[in-house]
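J.: Sharing a structure with you now.
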Amino acid sequence: MYPPGRVIIAVDLGNTNSCVAGYGSGQTQTMFQLCIPSWVAFADDGAVLLGEDARNHTAVNPQAAVSGFKRLLGKRVKENLPYKIDVEKDVWPHVQLTTTDGAVRLLGVENLTAMVVAKLKETAESYFGHRVEAAIFTLPLEFSDYASRDAAFFAGRLVGFEAMSVLSEPTAAANAYGVDEHLCDEGNVVVLHGRGERPDARGRRDFDRRATDHLVGLVRNKNGTDIGNDGAALDKLRTACERAKKTLSHQDHALVTVKSLVNGVDLAEPLTRAEFEELNHDLFLRVVELVDKAVSQAEAYYMDSKLVIDEVVLTGGSMHEDLGNSSGTTLAGRRCSVCMRIKPDEVVTIGAVEYNKWIYSKRRSALLARRELS
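Numbering (this note's numbering), first residue to last: 130 to 503.
So this is what it looks like as structure tokens:
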């Protein structure tokens with residue numbers, strides 16, 4: 130049970146989606162949780178658009194919308210991103226957004242992050258009926274440097290958090306499934322995190338891009354219309370392909386539908402799981418190769434030449450694909466079970482909440498024990 134009068138929420142800052150979860154004060158039964166697309170956009174009247182509204186704004190003006198900026202949190206390097214960044218301003222990267230009237234805005238990555246976090250915090254406070262002043266942020270394992278964590282804390286302070294902590298995403302994901310209980314039997318668990326982190330020039334991620342390009346070809350062959358350079362049409366199609374991708378994680382067929390894709394013509398094309406897997410076959414093989422490499426490194430570290438994987442925990446918005454559509458998969462030469470009871474894009478936040486609940490219960494037990502001894 131959380132302490133009465135105090136709510137601590139977990140915030141997962143994602144490149145594709147950002148999520149929030151938490152229990153009310155004195156409660157551990159009903160968990161509040163919400164995920165929104167990690168998008169920020171500006172309308173011509175200056176209004177800030179967030180989440181789904183911001184993503185939809187890409188069809189109106191893609192130059193005034195941005196996503197995938199988490200990877201720059203606390204970083205100083207310039208990368209190939211689908212939006213213009215200014216690395217000279219205050220040393221840290223700033224994203225340039227331009228509305229249709231030509232107005233230019235330069236926003237720091239921490240400020241963009243704060244806008245998304247503020248939306249999550251506001252929704253949580255509306256649910257709980259009072260202010261939320263404490264949060265636990267989940268960040269990738271490679272964000273262990275102080276700069277990245279300080280940047281996350283800075284974004285948190287901007288929206289009014291007074292107490293913050295950080296938990297690594299793999300630890301949170303494992304905790305969501307109570308993996309620590311399995312470890313007493315010396316089982317080995319792989320946390321496989323698929324981030325939406327490799328955008329092309331229009332912000333499309335690898336898996337989505339393959340399906341989008343496939344549909345672009347179908348439209349060209351059937352209607353003689355090439356939408357390859359039509360930004361608004363491509364953004365509509367990308368969003369539809371993302372929905373279809375998630376459907377194919379639990380069904381064999383999906384229908385990619387877009388109303389008024391181009392020139393008032395609607396799109397309704399079927400996409401099967403087999404087609405999707407064929408389009409992304411090399412990407413799936415790459416995932417398996419990376420897991421095999423990680424297992425080999427673990428074998429060397431623990432001096433165990435027969436390390437086997439018992440379970441796979443999937444996290445991240447991109448893990449709705451091949452590894453997430455069955456009860457088992459083959460990794461490191463052995464068939465192992467895939468944990469799918471929790472949605473991959475929600476598992477990190479839920480695990481962080483459960484971790485925080487566990488920490489509080491341990492502290493409470495220790496306090497009670499000290500009282501009994503005294």
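Glycine residues also receive a C-beta, built at the ideal position from the N, C-alpha and C atoms.
Indicate whether Thr-267 and Val-477 have their beta-carbon atoms separated by less than 8 Å.
T.: Yes, these two residues count as a Cβ contact at 8 Å.
J.: For Lys-248, count the other beta carbons within 10 Å of its own beta carbon; 16 or more makes it buried, fewer makes it exposed. Which is it?
T.: By the neighbour-count rule (16 or more Cβ atoms within 10 Å), Lys-248 is buried.
J.: Is the Cβ-Cβ distance between Ala-70 and Val-385 less than 8 Å?
T.: The question about residue 70 has no answer, for the chain in this structure spans 130 to 503.
J.: How many Å lie between Thr-159 and Thr-227 at the Cα?
T.: If you take the alpha carbons of Thr-159 and Thr-227, they lie about 42 Å apart.
J.: Hey, could you find the ends of the beta strand (DSSP E) Arg-234 is sitting in?
T.: 233-237 is the extent of the beta strand (DSSP E) around Arg-234.
J.: Which residue's Cα is closest to the Cα of His-259: Leu-142, Val-136, Val-177, Val-420?
T.: Closest option to His-259, Cα to Cα, is Val-136.
J.: Along the beta strand (DSSP E) that carries Ala-263, what are the first and last residues, could you check?
T.: That run of the beta strand (DSSP E) goes 263-268.
J.: Can you confirm whether the stretch 191-206 touches the stretch 226-244 when touching is taken to mean that 3 or more C-beta pairs between the two stretches lie within less than 8 Å?
T.: They touch, by the three-pair rule.
J.: For the stretch 146-203, which segments carrying the beta strand (DSSP E) assignment without a break, of at least 3 residues, lie completely within its bounds, in sequence order?
T.: You should have 146-152, 160-166, 168-171, 177-179, 194-196.
J.: Please list, in chain order, all residues of the same chain as Tyr-256 whose beta carbon is under 6 Å from its beta carbon, the five residues on each side excluded.
T.: Phe-161, listed in sequence order.
J.: What residue range does the alpha helix (DSSP H) around Pro-81 cover?
T.: A query on residue 81 cannot be resolved here, the shown segment of the chain reaching from 130 to 503 and no further.
J.: Just to check my reading of the structure: Leu-516 and Ser-297 have Cβ atoms closer than 8 Å, yes? What is that Cβ distance to the nearest angstrom?
T.: There is no way to answer for residue 516, as the model of the chain reaches only from 130 to 503.
J.: So for Thr-354, helix, strand or coil by DSSP?
T.: If DSSP states are grouped into helix, strand and coil, Thr-354 belongs with coil.
J.: Whose C-alpha, out of Met-432, Gly-353, Leu-363, is nearest the C-alpha of Arg-339?
T.: The residue with the shortest Cα to Cα distance from Arg-339 is Leu-363.
J.: Does DSSP put Met-244 in a helix, a strand or coil?
T.: The answer is helix: DSSP assigns Met-244 an H, G or I state.
J.: From the DSSP output, in three-state form, read off Asp-274 for me.
T.: Coil.
J.: So which of Asn-146, Ala-281, Ala-176, Asp-174 has the shortest CA-CA distance to Gly-197?
T.: Comparing Cα-Cα distances from Gly-197 to each of Asn-146, Ala-281, Ala-176, Asp-174, the minimum goes to Asn-146.
J.: Assuming Ala-303 and Val-288 are in contact, meaning their beta carbons sit under 8 Å apart, how far apart are those beta carbons, in whole angstroms?
T.: Their Cβ separation, rounded to whole angstroms, is 28 Å, which puts Ala-303 and Val-288 out of contact at 8 Å.
J.: When you compare the CB positions of Val-169 and Val-195, do they come within less than 8 Å of one another, or not?
T.: Yes, they are a contact pair.
J.: Please name the residue in Glu-371, Gly-285, Thr-341 whose C-alpha comes closest to that of Asn-358.
T.: If we check each option's Cα against that of Asn-358, Thr-341 comes out closest.
J.: Quick check on His-379: buried or exposed, where buried means 16 or more other Cβ atoms within 10 Å of its Cβ?
T.: Flag for His-379 reads exposed.
J.: Should Asn-365 be labelled buried (16 or more other beta-carbon atoms within 10 Å of its own) or exposed?
T.: A quick correction: the sequence has Lys, not Asn, at residue 365. So Lys-365 counts as buried.
J.: Cβ of Leu-400 within 8 Å of Cβ of Ala-383?
T.: Yes, the pair counts as a contact, with Cβ atoms nearer than the cut-off.
J.: Rounding to the nearest angstrom, what Cα-Cα distance links Glu-371 and Asp-337 in this structure?
T.: Roughly 6 Å between the two C-alpha positions.
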